[in-house]
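Okay, so here's the structure we're looking at.
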Amino acid sequence: MSQSATALSQLASDFRGSLRGLASTVSLLTTEKGGERFGMVATAVMPVTLQPPALVVGVNCSASIHDAIAKCGWFAVNLLAKQHEVVSRHFTANSRSERFAVGNWADLVVASSPEVRMPVLTDAAAMICCRVREIIPYGTHDLFLSTVEQVTSTPNSEPLLYCNGSFGSFNSPP
Ligand SMILES: Cc1cc2nc3c(=O)[nH]c(=O)nc-3n(C[C@H](O)[C@H](O)[C@H](O)COP(=O)(O)O)c2cc1C
5 MSQSATALSQ LASDFRGSLR GLASTVSLLT TEKGGERFGM VATAVMPVTL QPPALVVGVN
65 CSASIHDAIA KCGWFAVNLL AKQHEVVSRH FTANSRSERF AVGNWADLVV ASSPEVRMPV
125 LTDAAAMICC RVREIIPYGT HDLFLSTVEQ VTSTPNSEPL LYCNGSFGSF NSPP
């Protein structure tokens with residue numbers, strides 16, 4: 005039996021409310037297409053397998069980075085540390101062309117495919133360079149199932165978390 009539009013809308017609202025309790029590490033997804041940089045704040049990042057190293061990201065089809073990732077087939081997941089809250093807020097508050105004005109950005113040349121480059125945050129907790137293998141459409145979003153091609157990490161970083169509409173961090177016990 006199909007649900008009425010009202011019931012579905014209530015369910016979506018309840019679901020959104022329930023997600024406020026889901027603490028997630030904040031990432032910046034980045035890519036470059038035609039010499040232009042694209043970037044977006046994202047929490048829908050999920051590791052999939054270690055053999056092969058793979059992850060999936062969920063990107064709204066209306067986001068400016070969506071078509072750039074779909075067309076060039078590469079992107080970076082920049083996992084943020086707590087000092088990057090200002091970078092995350094800057095990304096959210098500004099349009100695409102202004103987003104890279106804040107933060108320590110460099111151009112990564114992909115070792116295995118030197119024709120591919122993308123902006124990466126040099127002091128990110130981790131930078132995971134990904135190659136898209138499958139695009140799985142679902143509702144408003146596409147899931148980019150991707151292999152991991154290159155990784156750098158900054159030791160002893162404290163992750164930037166987002167939960168209940170606020171930013172926070174997590175200190176590992178000594
Ligand atoms: C904490 C946070 C997490 C987000 N996570 C995602 C995400 O995982 N996927 C997504 O498509 N949008 C996500 N968004 C929304 C996009 O960052 C935002 O809609 C983006 O500005 C849209 O892209 P555009 O302005 O470049 O078109 C998130 C926003 C915030 C503040």
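Heads up, the sequence shown stops at 178 in this note's numbering, and the numbers go up one at a time, no gaps. Think of the CB as a built atom: it goes at the ideal place given N, C-alpha and C, for glycine as much as any other residue.
Thinking V30 and Y166 are a contact (beta carbons under 8 Å), I'd like their distance in whole angstroms, please. 5 Å
Closer than 7 Å by C-beta to A110: which residues in its own chain qualify, once you throw out the five before and the five after it? Chain order, please. V124 and T126
CA-CA distance, H88 and R24? 21 Å
With DSSP run on the structure shown, which of helix, strand or coil describes F174? coil
Can H94 be considered in contact with ligand 1, in the sense that its beta carbon sits closer than 7 Å to one or more heavy atoms? no
Kindly identify the DSSP beta-bridge partner or partners of C133. A80 and Q154
Beta-carbon proximity check, S68 vs R100, cutoff 8 Å: yes
Buried versus exposed, by CB contacts within 10 Å (16 or more), T144: The residue in question, T144, is exposed, as its Cβ has fewer than 16 Cβ neighbours within 10 Å.
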